[in-house]
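Undergrad: One structure, pasted below without further comment.
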Amino acid sequence: MIKRQYSIEELEKIANEIRQDIIKMLVEAGSGHSAGPLGMADVFCALYFAVMNHDPKNPAWEERDRLILSNGHICPVRYATMARAGYFPLKELMTLRKFGSRLQGHPEREKLPGVETTSGPLGSGLSQAAGMAYVGKYIDKTRWRVYCAMSDAEQESGQIWEAAMFAGKNRLDNLTAIIDRNNIQIDGCTEDVMPLEPLKAKYEAFNWHVLEIDGHNLEQIIDACNQAKAIHQKPTIIIAQTIPGKGVSYMENDFKWHGVPPGISDIPGEPPKNQQVKIALKELRTLHGKIVSEHE
Amino acid sequence: MAKLFQNMSNSKAHLAEKIFEKDIEKIPTRNGYGEGLVEAGEKDKRILVLCADLSESTRSEYFQKKFPERFVEVGVAEQNMASLAAGMALAGKVPFISSYAAFSPGRNNEQIRTTVALNNANVKIAGAHAGISVGPDGATHQALEDIALMRVLPNMRVIVPCDAIEAKKATVAAAAIEGPVYLRFAREKTPLFTTLQTPFQFGRAEIFLQGKDATIIACGPVLYEALLAAHLLEKQGVSVEVLNSHTVKPLDKKTILQSVSKTKAVVTVEEHQIAGGLGGAVAELLSRECPVPVECIGVQDRFGESGSPDELMDAFGLTHPHIIKAVKKVLKRKV
Ligand SMILES: Cc1ncc(C[n+]2csc(CCOP(=O)(O)OP(=O)(O)O)c2C)c(N)n1
Ligand SMILES: [Mg+2]
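So the sequence lines, in the order shown, correspond to chains A and B.
Counting in this note's numbering, the first sequence runs from 1 upward without gaps.
Counting in this note's numbering, the second sequence runs from 297 upward without gaps.
Below, the structure written as structure tokens:
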């Protein structure tokens, strides 16, 4: 179990390292998703280093908090954060998406301890998280909490709302869900493809406690997760406003970077492919400290 | 075209001249879907194309660019998409729904079962990124059970095109069929080994190679591996007949039984679970009508995984050396 307290500055530094890991992993893999993982680095860093009770040396520890990753395509951020937290050696990150690797292109429970569940097909994470939370609250009466990270586009699928209704009905106050509200999906901006707003009002109508935060402000992320622990009789959803591709200027807020790594293709309007990786890593290295929003 | 192969090849099949040359052109079958949609859409104004946030990779964007007013974006909502399409079909339209096979017909299987198949609604389902050749995305995205899911539904037809040229023909043919059709496409670039002259008729298997010792029945891009295997076997004095069974449902009983009653040994080849797939379908037919030894090349009750497409095709036993072994094995079993 991670007992150490990290300062916000330390967490910011770790989040930055996670972003660099993500770039390096994707480049080595030659395929995979860039925008989502970079955008969620701060949230994952906060969860693993400041919020959750867990033990990297004992991933099956009964008392651990559970983190369900519903939008499995952003698994590079989970893998990198897990490696940084000590679940497995950093160098294993370079096996991402390769034949025989534990780090599958979309995360698999049967392959990598600590992954909790298999995902990739969108929309089924919240149901599994609610199922776990139900067992925790009513059947086994445990102290562990369930966290569920979701994307915004998967809010378009009906199963999310079936789960939301169930969690609201059953007052699953041991469940905290976090939406990566980055406004992009594959075919464009969410509000053009299928408008999600007013998202806050929707969850409130389903009897959830809703918090809206800056998903790059580590203090706000940690505060929101702590607040959720104090909310009784309601599940909490944290709508984390994030910038897809955060930290790499040419990727930020651009849906074209949903599913491609840097350095693979020449994309109109983007730096030439042989420059992309260099620029990304340089910006991350030198921007450290500036990558956070309000803090400092 | 290699001399030996030319002798075996059915001249009526009009296979590509360059079939076994290194520089044979490669295009993914999903491109044929996009092109077929445009061609069918020009002829038939009732055609609508629906997509669930995958317009580029399913190639439904070819249609979207040409006929934006008949393109419908539904977001990440495959279950809704299937039943929206059923409603549109019941209102007189011919909707094509496009996603990855893992999600459609994977995710939305019950909606397809009741609102499409049981209603006999005129909906076409296009499943892209089928098979393990999807590669690094891994098991979640590699549909290996979609043929089985669709094959067991009454009223549903199933077509698995072998290259982009055939994929286009199949898409156009599906549009002309009254009732539900499932079309299966792949992600990877694969050889264009048929030509515009190669015959394609829904429900009819084509004899691509003539032979007398054994029959290979294949569908999809792995048919190319089957042809390669037959070509190499010919050099070893084994004469193999190769059927392109692009229509998996209904199977072309007549062509299959004619070939099998001559060769008396069968190998099926597909990039799908053997259980419930083409292998299962052929075994069901032959056990009733013409019991002969059958060997099945396909995925053997396991999930896919991450890796490069070539690596995976080999590791899962779907390439020509494995097919050659299966032919030799079935010949030994022949009485
Ligand atoms: C059920 C299902 N349908 C379709 C897909 C294909 N797909 C992968 S990610 C994605 C949407 C991307 O948007 P979002 O989830 O918001 O992720 P982001 O690009 O913001 O990382 C889609 C449609 C899928 N994984 N699962
Ligand atoms: Mg998004």
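Virtual Cβ for every residue (Gly too), placed ideally from N, Cα, C.
Being a predicted model, the structure only gives us computed values, none of them experimental.
Below 8 Å between beta carbons: does that hold for B:Ile593 and B:Val565?
TA: A contact, by the Cβ cut-off of 8 Å.
Undergrad: Which residues, taken in chain order from the region 428-451 of chain B, show a beta carbon closer than 7 Å to some beta carbon of chain A?
TA: Correct list: Pro432, Asp433, Gly434, Ala435, Thr436 and His437.
Undergrad: Given that a residue counts as buried once 16 or more other Cβ atoms are within 10 Å of its Cβ, and exposed if not, what is A:Cys189?
TA: Flag for A:Cys189 reads exposed.
Undergrad: Given 7 Å as the limit, tell me if A:Leu26 has its C-beta closer than that to any heavy atom belonging to ligand 1.
TA: Incorrect: A:Leu26 has no Cβ contact closer than 7 Å to ligand 1.
Undergrad: I want to verify the contact list: residues of chain A whose CB lies under 9 Å from the CB of B:Ala653, in sequence order.
TA: Because chain B in this structure spans residues 297 to 631, residue 653 of chain B falls outside the shown range and cannot be described.
Undergrad: Measure the CB-CB distance between B:Ala444 and B:Gly603 and report whether it falls below 8 Å.
TA: Cβ distance not < 8 Å, so B:Ala444 and B:Gly603 don't count as in contact.
Undergrad: I need the straight-line Cα distance from A:Ser293 to A:Gly39, nearest angstrom please.
TA: Note that A:Ser293 scores a pLDDT of 48, beneath 50, so its modelled location is shaky; the value from the coordinates is reported in the next line. Distance between the alpha carbons of A:Ser293 and A:Gly39: 13 Å.
Undergrad: Could you check whether B:Thr543 and B:Leu633 sit closer than 8 Å to each other, using their CB atoms as the reference points?
TA: Here chain B comprises residues numbered 297 to 631, so residue 633 of chain B is not present and cannot be evaluated.
Undergrad: With three or more beta-carbon pairs closer than 8 Å as the criterion, would you say the region 96-103 of chain A touches the region 53-61 of chain A?
TA: The answer is no - the region 53-61 of chain A does not touch the region 96-103 of chain A, with fewer than three Cβ pairs under 8 Å.
Undergrad: Taking Cβ-Cβ distances shorter than 9 Å, what residues in chain A pair up with B:Asn376?
TA: Result: Glu156, Ser157 and Gly158.
Undergrad: I want to verify the contact list: residues of chain A whose CB lies under 8 Å from the CB of B:Leu399, in sequence order.
TA: It should be noted that the sequence gives Phe, not Leu, for residue 399 of chain B. Near B:Phe399 (Cβ distances below 8 Å), the residues of chain A are Pro121.
Undergrad: Output yes if chain A places a C-beta closer than 8 Å to the C-beta of B:Asp349; else output no.
TA: For B:Asp349, the answer is yes, since a Cβ of chain A falls inside 8 Å of its Cβ.
Undergrad: Report the option in A:Ile243, A:Lys169, A:Ala177 and A:Ala228 whose CA atom is closest to the CA atom of A:Gln185.
TA: If we check each option's Cα against that of A:Gln185, A:Ile243 comes out closest.
Undergrad: Taking contact to mean at least 3 C-beta pairs separated by less than 8 Å, is the region 331-349 of chain B in contact with the region 465-482 of chain B?
TA: A contact exists between the region 331-349 of chain B and the region 465-482 of chain B.
Undergrad: For B:Val534, which three-state DSSP category applies?
TA: B:Val534 falls in the coil class under three-state DSSP.
Undergrad: Given the structure, does A:Asp187 come close to ligand 2, in the sense that its CB is under 7 Å from one of the ligand's heavy atoms?
TA: Checking the Cβ of A:Asp187 against ligand 2 gives no.
Undergrad: May I have the straight-line CA-CA distance separating A:Leu11 from A:His73, to the nearest angstrom?
TA: Answer to the nearest angstrom: the Cα atoms are 24 Å apart.
Undergrad: So is A:Gln128 in contact with chain B if we call contact Cβ pairs under 8 Å?
TA: So, not an interface residue.
Undergrad: So which residues put a beta carbon under 7 Å from any heavy atom of ligand 2, going in chain order?
TA: So the residues near ligand 2 by this Cβ test are A:Gly36, A:Ser151, A:Asp152, A:Ala153, A:Asp180, A:Asn182, A:Asn183, A:Ile184, A:Gln185, A:Thr190 and A:Pro244.
Undergrad: Can you give me the Cβ contacts of B:Arg355 inside the same chain, cut-off strictly under 6 Å, excluding the 5 residues immediately before and after it?
TA: Closer than 6 Å at the Cβ level, and outside the excluded window around B:Arg355, lie Arg326, Asn327, Tyr329 and Gly330.
Undergrad: Take the Cβ of B:Lys420 as the centre, count every other Cβ of all protein chains shown within 10 Å, and call the residue buried at 16 or more, exposed below.
TA: Counting Cβ neighbours within 10 Å, B:Lys420 comes out buried, since at least 16 surround it.
Undergrad: Using a Cβ-Cβ cutoff of less than 6 Å, which residues in the same chain neighbour B:Asn405 once the five nearest sequence positions on both sides are dropped?
TA: Within the same chain, B:Asn405 has close Cβ partners Leu445.
Undergrad: Would you list, in chain order, the members of the region 1-35 of chain A that have their beta-carbon closer than 9 Å to a beta-carbon of chain B?
TA: Residues passing the 9 Å Cβ filter: Ala29, Gly30, Ser31 and Gly32.
Undergrad: Buried or exposed: A:Ala60, going by 16 or more other Cβ atoms within 10 Å of its Cβ?
TA: That one is exposed.
Undergrad: Can the beta-carbon of B:Asn418 be found closer than 8 Å to that of B:Glu474?
TA: Yes; because the gap between Cβ atoms is below 8 Å, this pair is in contact.
Undergrad: Here's the rule: buried if 16 or more other CB atoms are within 10 angstroms of the residue's CB, otherwise exposed. What is B:Ser557?
TA: Burial call: exposed.
Undergrad: Can you name the start and end residues of the beta strand (DSSP E) that B:Thr543 belongs to?
TA: Here the beta strand (DSSP E) through B:Thr543 covers Thr543 to Lys545.
Undergrad: Ignore the nearest five residues each way along the sequence and tell me which others in B:Lys485's own chain have a CB closer than 7 Å to its CB.
TA: Excluding positions up to five away in sequence, the list reads Lys322, Ile323 and Pro324.
Undergrad: I'd like the list of long-range same chain contacts for A:Tyr48, defined as Cβ closer than 6 Å, with 5 residues on each side in sequence excluded.
TA: Thr81 and Ala85.
Undergrad: Are there three or more Cβ pairs, one per stretch, closer than 8 Å when the region 373-381 of chain B is compared with the region 161-168 of chain A?
TA: Because the criterion of three Cβ pairs below 8 Å is not met, the region 373-381 of chain B and the region 161-168 of chain A do not touch.
Undergrad: In the DSSP assignment, find the unbroken alpha helix (DSSP H) run with A:Pro107 in it and report its ends.
TA: Premise fails: A:Pro107 is in no alpha helix (DSSP H) and is neither H nor E.
Undergrad: Mind checking which residues open and close the alpha helix (DSSP H) that includes A:Asp192?
TA: First-last of the alpha helix (DSSP H) with A:Asp192: Thr190 to Val193.
Undergrad: Taking only runs of the beta strand (DSSP E) that begin and end inside the region 489-574 of chain B, which ones reach a length of at least 3 residues, in chain order?
TA: Segments of the beta strand (DSSP E) lying fully in the region 489-574 of chain B: 502-505, 510-514, 536-540, 543-545 and 562-569.
Undergrad: Check whether the Cβ atoms of B:Ala301 and B:His618 sit closer than 8 Å, and answer yes or no.
TA: In the sequence on display, residue 301 of chain B carries Phe and not Ala. The answer is no: Cβ separation not under 8 Å.
Undergrad: Show which residues of chain A have a CB atom less than 7 Å away from the CB atom of B:Glu607.
TA: Within 7 Å Cβ-Cβ: Phe99.
Undergrad: Among the residues of its own chain, which have a CB less than 8 Å from the CB of A:Glu110, if the five just before and after it don't count?
TA: Thr118, listed in sequence order.
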